[in-house]
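Under the working numbering, residues 5 to 122 are what the sequence shown spells out, in order. Only one structure is covered here, and it is reproduced in the block below.
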Amino acid sequence: MAKANDFLISTNPSRHEVETPAGALIVYVKPLSWLQQQEAISKFVDFVITDGEAAPRIDFGGYWEYILTNCITETEPHLTKTQICNLSPEVGNELAKVLPDLEDLTGALGGGEPAPLE
5 MAKANDFLIS TNPSRHEVET PAGALIVYVK PLSWLQQQEA ISKFVDFVIT DGEAAPRIDF
65 GGYWEYILTN CITETEPHLT KTQICNLSPE VGNELAKVLP DLEDLTGALG GGEPAPLE
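Below is the structure:
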């Protein structure tokens, strides 16, 4: 028989060492719950009604800000949430490789499995 914990996400973050142009950055990444996945996608795309027409509004920044502030629990060296949101593009591109990306989340919405964080 299943236990209540069998239905919940792990609360243990995964440790990742990310090699960046500025040096090694260790990040601890926790998985998103099903509800957080829905929220993350809602930060990426929204529909705006103009002149009776619905048009998508795409916001990559809103998506990544949500992912950075909700998935990263700790870094070495220590960075605040504000500092994490102000990474250089080169560091951010490397960090994105260990974070849930939009393709993973949209695949999960379509009934697939999100890619596991390694």
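Cβ coordinates follow ideal geometry from the N, Cα and C atoms, glycine included. Computed from a prediction, not measured in an experiment: that's the story for all the values here.
Hey, how far is the Cα of N90 from the Cα of Q41? 23 Å
Which residues mark the beginning and the end of the beta strand (DSSP E) in which P60 is found? E57 to I62
Nearer than 8 Å: is that true of the beta carbon of W68 relative to any heavy atom of the ligand COA? With respect to the ligand COA, the structure offers nothing, as it holds no ligand at all.
Use the C-beta contact count for A44: other C-beta atoms within 10 angstroms, 16 or more gives buried, fewer gives exposed. buried
How many angstroms separate the CA atom of P81 from the CA atom of L99? 14 Å
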